[in-house]
Amino acid sequence: MPKINNRPEFFDVVVVGAGLGGIYAVHKFLQEGLKAVALEKADQIGGVWNYNRYPGARVDVDSTDYSYSFSPELYREWRWSERYATQSELLRYLNHVVDRFDLRRHIRLSTPLAAAQWHPEEQRYHLETGDGASLTTRFLVMATGNLSAPRDPAIPGLADFKGQVLRTSRWPREPQDLAGKRIGLIGTGSSGVQATTALAQVAGHLTVFQRTPHYAVPARNGPVDEERYQFYASDTNNMREVFKNSKLFGVDGSGSALGTPQPAASYSPEEQEARLARQWDVGGQRFHVVFADQTSNKEANDVVAEFVRRRIRRLVKDPERAEMLCPRYPIGTRRLIQADGYYECFNRDNVSLVDITRSPIERVTDTGIQTADGHYELDVIVLALGFKAFTGEINQIAIRNADGKSPTDDWSRGPRTLFGLMTAGFPNFFTLTGAGSPSVLANLFTENEYHADWVADCINYLDANGYGSIEPEVAAQDAWTDRVAAVAQRLLRLQGNDYMVHRNEDGTRNFIPWSGGVDTYAEALEKSTANGYEGFTLNPAASLDAHSNEKIVALSVGGASHVGS
Ligand SMILES: Cc1cc2nc3c(=O)[nH]c(=O)nc-3n(C[C@H](O)[C@H](O)[C@H](O)COP(=O)(O)OP(=O)(O)OC[C@H]3O[C@@H](n4cnc5c(N)ncnc54)[C@H](O)[C@@H]3O)c2cc1C
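Final position of the sequence shown in our numbering is 568; the numbers increase by one with none missing.
Below, the structure is given as structure tokens:
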């Protein structure tokens with residue numbers, strides 16, 4: 004680590020990341036009168052919606068819901084042009100928010116946090132950024148996202164390819180001329196499916212290399228749901244209420260065309276079919292909740308999965324191709340993809356499908372992809388390979404506590420957190436939408452707001468009551484980790500090959516997010532808070548004047564690198 008002699012800048016709160024979570028967090032802390040800054044390693048704000056600029060990228064939940072709720076004025080003045088906003092519209096929205104609330108000067112772009120060292124005697128973290136600048140902060144808030152760090156492609160020969168390689172997760176900013184090109188696409192998760200629907204329209208030929216077929220149900224993009232918009236615009240607290248009452252996947256039966264769902268067995272086969280057909284026609288995330296027990300009861304799940312397979316066979320004209328596209332795992336145990344026109348792409352003459360479980364990719368050559376069965380000549384290879392979920396970004400930063408440990412050192416059997424917000428041994432270190440919270444199963448806008456508000460309230464409580472630091476008690480963290488595991492036992496998804504499942508060496512599995520619904524999560528968190536942060540240890544403030552920079556300078560300057568010292 005380089006020696007730092009410059010005078011460290013002092014902050015109450017440093018937020019890491021300026022995606023939708025970090026943008027709100029820095030705004031909230033500033034509103035509370037705290038000295039706050041956000042560090043963003045990219046040269047633009049927006050996080051996911053800055054990086055993932057691939058053709059076809061758009062949100063897969065209604066934009067009426069995928070919006071900030073903290074400002075009624077903001078909600079009312081921004082009108083989404085479609086039910087599911089595109090990546091570019093989402094990025095425009097986030098830039099609008101940054102400007103509207105004058106946040107740009109509080110966000111440092113191209114500034115990765117490289118290292119953070121907790122100093123117990125000062126109750127501060129000493130931070131070092133990628134360009135060697137040093138900061139100190141009382142509170143460190145990670146808004147680094149759960150799906151941010153891309154998985155590295157491990158495909159032999161990729162470097163030999165003479166054509167163009169594009170990654171959906173780091174799509175170039177400049178327009179790409181793909182018209183008429185021979186494109187090979189690897190990866191058929193959400194990004195790969197969305198990209199397929201767009202690339203099929205422009206490619207000379209698109210070859211999709213598929214390992215696992217996934218369920219893609221219709222999104223039914225179109226005009227914004229005006230009734231839902233008015234419901235939130237009339238009072239944005241309605242959004243927060245919907246969030247706090249939501250179940251698994253951030254949706255429930257309310258507001259659904261189908262009413263509150265009952266277990267599948269309580270409907271006749273004709274009623275089951277009618278419910279599924281109705282939801283198929285309406286489109287959207289509520290395909291998760293056609294039946295109350297479809298995520299936990301295999302028979303109920305089979306009814307839904309078989310319905311989708313029948314639709315695929317109806318949509319794809321070539322029966323052999325249709326069978327290749329039919330997923331075999333229980334529906335909803337991996338992300339349920341929302342996409343319009345995906346299966347129809349495979350009726351096009353310019354689209355082919357290669358099953359790489361039958362004909363594995365052997366290597367990339369200088370002119371294309373060699374599989375066990377043949378060679379595909381390509382101009383462009385598009386990689387849609389997913390992310391190092393949950394810990395990908397945090398593990399790239401040298402975060403150390405007083406014992407020299409990093410937050411994930413004890414996570415060999417899955418994440419250990421209290422409410423997904425904090426980790427024992429790491430005082431004043433917070434993770435927004437972290438593992439052990441509803442995380443990626445909830446509305447990420449509202450959840451980031453909820454968590455940032457909780458952190459702000461917590462800081463205010465500490466300051467008002469003479470405390471300098473907070474961290475989880477180990478016993479409370481163990482108990483919460485056990486609850487996270489217990490509540491997931493009923494999930495079919497726990498047995499699947501999903502990024503939300505942590506697989507232990509002994510073959511057991513842990514589900515990473517809290518899957519008991521936001522309602523039960525909020526109840527548990529708010530009970531702890533109301534009981535004076537039950538389950539957390541609160542330590543008296545050190546005698547150092549928390550708002551003075553001078554003593555830190557005295558401690559830090561003098562040749563020693565203060566991060567990690
Ligand atoms: C392709 C894609 C599509 C998605 N679509 C949907 C969807 O349709 N609906 C939905 O609900 N969710 C979706 N998600 C989930 C998505 O992650 C969230 O909805 C949301 O964007 C998360 O916002 P965030 O601010 O928490 O994290 P991010 O947007 O991931 O932002 C994290 C930021 O932290 C920065 N960062 C990381 N490490 C450092 C560091 N060391 N120093 C400084 N900065 C750092 C990153 O550069 C990034 O800008 C999608 C995710 C992906 C990847």
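Yeah, the Cβ is synthetic: ideal placement off N, Cα and C, and Gly gets one too.
### Straight-line Cα distance separating MET425 from MET145
10 Å
### Task
Pick out whichever of PHE13, ASP238 and VAL101 has its Cα sitting closest to the Cα of TYR128.
PHE13
#### Entry: SER518 to PHE433 span [Cα, whole Å]
20 Å
### Query
DSSP on VAL62, reduced to helix/strand/coil?
coil
### Message
List, from N- to C-terminal side, the beta strand (DSSP E) runs of 3 residues or more that fit wholly inside the region 486-520.
### Response
504-506 and 512-514
### Message
For the pair the region 290-310 and the region 268-280, tell me if three or more CB-CB distances fall below 8 Å.
### Response
yes
#### Entry: Alpha carbon of GLY24 to alpha carbon of THR215, nearest angstrom
31 Å
### Query
Since SER137 is in the beta strand (DSSP E), which residue starts that stretch and which ends it?
137-145
### Query
What does DSSP give as the partner residues of TRP121 in its beta bridges?
TYR128
### Task
Measure the alpha-carbon distance for VAL29 versus VAL40 and round it to whole angstroms.
6 Å
### beta strand (DSSP E) segments (min. 3 residues) lying fully within the region 189-276
208-213
### Proximity test, TRP52 beta-carbon vs ligand 1 heavy atom, cut-off 7 Å
yes
### Message
Measuring alpha carbon to alpha carbon, tell me which residue in GLN126, VAL18, GLN265 and GLN34 is nearest ALA545.
### Response
GLN126
#### Entry: ILE7 to TYR71 span [Cα, whole Å]
Note that ILE7 has pLDDT 46, beneath the 50 cutoff, so the model's placement of it is unreliable and no number is given.
### Query
How long is the line joining the alpha carbons of LYS364 and THR336, rounded to whole angstroms?
In the sequence under discussion, the amino acid at residue 364 is Ile, which differs from the Lys named in the question. Taking the straight line from one Cα to the other gives about 26 Å.
### Query
Looking at TYR128 and ligand 1, is the gap between the Cβ and the nearest heavy atom below 7 Å?
no
### Message
Which residue marks the beginning of the alpha helix (DSSP H) containing VAL29, and which one marks its end?
### Response
23-34
### Query
ILE454 lies in the alpha helix (DSSP H); which residues open and close that run?
Position check: residue 454 holds His in this sequence, whereas Ile was assumed. Its alpha helix (DSSP H) spans residues 447-467.
### Query
Hey, would you say the C-beta of VAL62 is under 7 Å away from at least one heavy atom of ligand 1?
yes
### Message
Taking the alpha carbon of GLY286 as the reference point, which residue from ARG361, GLY36, ILE340 and ILE26 has its own alpha carbon closest?
### Response
ILE340
### Nearest-angstrom Cα separation, counted from ILE26 out to ASN500
33 Å
### SER382 versus VAL211: straight-line alpha-carbon distance, rounded
As written in the sequence, residue 382 is Asp, which differs from the Ser given in the question. One C-alpha to the other measures close to 14 Å.
### Task
Starting from TYR379, follow its DSSP beta bridges and name the residues at the other end.
ILE372
### Message
Residues in the same chain with beta-carbon distance under 7 Å from VAL62, minus the five sequence neighbours each way, listed in chain order, please.
### Response
TYR69, TYR87, ALA88 and LEU93
#### Entry: For ASP284 and ARG314, the rounded distance between their alpha carbons
12 Å
### Message
How far does the beta strand (DSSP E) with PHE390 in it extend, from its first residue to its last?
### Response
Careful: PHE390 lies outside any beta strand (DSSP E) and carries neither H nor E.
### Query
Which one of PRO11, VAL307, GLU302 and ASN300 has the shortest CA to CA distance from ARG588?
Nothing about residue 588 can be read from this structure; the chain reaches only from 4 to 568.
### ALA41: first and last residue of the uninterrupted beta strand (DSSP E) it sits in
39-42
### Message
Measuring only the C-alpha atoms, how far is ASN350 from ARG317?
### Response
11 Å
### Query
Tell me, which residues are paired with ASP358 by DSSP?
GLN213
### Task
With distances taken Cα to Cα, identify the nearest neighbour of ASP418 among GLU450, SER84, ASN468 and ASN149.
The residue asked about is misnamed: residue 418 is Pro in this sequence, not Asp. Closest option to PRO418, Cα to Cα, is ASN149.
### Query
Under 8 Å, do LEU209 and ASN353 count as touching if we go by C-beta distance?
yes
### Query
Any chance the region 131-140 sits against the region 107-118, with 3 or more Cβ pairs inside 8 Å?
yes
### With 16 other Cβ atoms within 10 Å as the buried cut-off, status of GLY183
exposed
### Task
Use the C-beta contact count for GLN282: other C-beta atoms within 10 angstroms, 16 or more gives buried, fewer gives exposed.
buried
#### Entry: In DSSP terms, what VAL477 is bridged to
Looking at the DSSP assignment, VAL477 forms no beta bridge with any residue, so it has no partner.
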